[in-house]
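Numbering (this note's numbering), first residue to last: 1 to 387.
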Amino acid sequence: MNITISDSIKYIGVDDTTIDLFESQYVVPEGVSYNSYVILDDKVALMDTVDKRGMEEWEANLMNALGGRKVDYLVVQHLEPDHAGSIARLVELFPDVTLVGNEKTFQMMPQFFDFPLEGRTLTVKEGDTLSLGSHTLTFVMAPMVHWPEVMVSYESSEKILFSADGFGKFGALSLTENEDWACEARRYYFNIVGKYGASVQALLKKAAGLDISMICPLHGPILKENLGYYLDLYNTWSSYEPESKGILIAYASIHGNTGVVAEKLGEILRQKGAEKVVVSDLAREDMAEVIEDAFRYDRMIVAAASYDGGVFPCMQDFLHHLQSKAYQNRKVGVLENGSWGPTAARAMKATLETLKNVTIVEPTVTIMSTLKDSDMPNLEALADAML
Ligand code: FEO
């Protein structure tokens, strides 16, 4: 993929369009990109490598960009294998390369690689700089903006922020050139970085002090224009504030009856003037997409069948994901279905009650097997309470 950054900074990343599941859990119908950049100055610095799945193509891109020069520095902003997967190959190609990272980077690096680190490392900390000639990198620590060793780098002559996983997005660059950024960036953010909102907030505060004209993340497109839009969205997402007014109804239905109730409730909410209603089937839709919507909107209703004295497993799984991603600051309604001794509401509430600043909206609605006319007043009452 031929992407222009500037005369002296080249994109050498690769698209992965054949991966089945990113991180063995996220469907990526349009693939994903592993971004890597090279800065050609008096000294040559490489900004991260790529997943080993893309190593051969990346190596060809690198050699082409170098035009016979050698790599002086490899800046390791993130050690996760989707970026660090080709470090050993780089060291093989350029045994004299200096690896630039922080204390945590080099604590963890031997867990992944067996080449000796001695004499090969430059350990940096917050605010340290590295001069390459006319380009200077300043390192900004970003612990837990996905992993503890993460740092980002600011190049001051061209005002470029190399942002590691921050501002990343699913989607191969060659397949998503004209695609809206927010949809897959949001799904990426909440599922991968969502738990670490406080860390992202800390990084955004540091970034606010920098004059940034371009953001170069490790996944997804290079952001060159209207940067306030992306920064504002990241601020909203990382502060756990809803992005839009709306209601997600997430349902878990065994034979379809709870699904019928969920769709009916959606219809009632729309009739009553809800700004936006999204109804999602947890058993069949992409769980990561539903999690994204849970964070996107300010309200949610969970509707589920009872099962084995608890709740149907895909709902338990969904709530567990929300809990681990630090879902908070929302109003949630609860609806259960049961054919004898309904248990789903109790099980769902047990998880919901552990979440910070989540208000459970009453009434809790109980359906016995199928929707009846006699259930309608309860659905109306729940809808009214949600609006
Ligand atoms: Fe793209 Fe946290 O790795």
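From the three backbone atoms N, C-alpha and C, an ideal C-beta is built for every residue, glycine too. Please read all numbers here as calculations on a predicted model, not as lab measurements.
Expected contact under 8 Å - CB spacing of residue i and residue j to nearest Å
i: S36; j: G13; result: 5 Å
i: R330; j: R299; result: 6 Å
i: R187; j: F167; result: In fact, because the Cβ distance is near 14 Å, the residues do not count as touching under 8 Å.
i: N337; j: S306; result: 7 Å
i: S86; j: M63; result: Their Cβ separation, rounded to whole angstroms, is 13 Å, which puts S86 and M63 out of contact at 8 Å.
i: I388; j: M386; result: Lying outside 1 to 387, the shown extent of the chain, residue 388 is not represented and no answer is given.
i: Y26; j: A288; result: 5 Å
Three-state secondary structure (DSSP) of residue i
i: F106; result: helix
i: T4; result: strand
i: V91; result: helix
i: T121; result: strand
i: E56; result: helix
i: V200; result: helix
i: R330; result: strand
i: S131; result: strand
i: F170; result: coil
i: T370; result: coil
i: Y240; result: coil
i: E362; result: strand
i: E336; result: strand
i: V290; result: helix
i: L233; result: helix
i: V140; result: strand
i: E179; result: coil
i: K245; result: strand
Neighbourhood of residue i by C-beta distance below 6 Å, restricted to the same chain and skipping five residues each side
i: S369; result: S339
i: K10; result: V38, A65
i: A347; result: G310, V311
i: N61; result: I12
i: G194; result: K325
Residues near residue i by beta carbon distance below 7 Å, same chain, minus five either side
i: F106; result: L117, T121, T123
i: I360; result: V332, V334, K349, L352
i: E263; result: V279
i: G266; result: I249, V277, V279
i: L79; result: T105, M108, M109, F112, W147, E149
i: A172; result: D15, D16, T17, E30, G31, V32, S33
Any non-hydrogen atom of the ligand FMN closer than 7 Å to residue i Cβ
i: T49; result: With respect to small molecules bound, the structure shown includes the ligand FEO and not the ligand FMN.
Close beta carbons around residue i, own chain, < 8 Å, minus the five adjacent residues each side
i: S213; result: E158, K159, I160, K224, L227
Can we say the region 234-246 touches the region 219-226, given the rule of at least three CB pairs closer than 8 Å?
-> no
Around the ligand FEO, Cβ to any heavy atom closer than 5 Å, ordered along the chain | E80, D82, H146, D165
Do the region 33-51 and the region 73-90 make contact, defined as three or more Cβ pairs closer than 8 Å?
-> yes
Could you tell me whether the region 273-292 touches the region 247-257, where touching means 3 or more Cβ pairs closer than 8 Å?
-> yes
Would you be able to state if there are at least three C-beta pairs under 8 Å between the region 50-57 and the region 136-149?
-> no
Kindly confirm or deny that the region 15-33 and the region 93-102 touch, where touching means at least three C-beta pairs closer than 8 Å.
-> no
On the three-pair Cβ rule with 8 Å, is the region 194-206 touching the region 142-155?
-> yes
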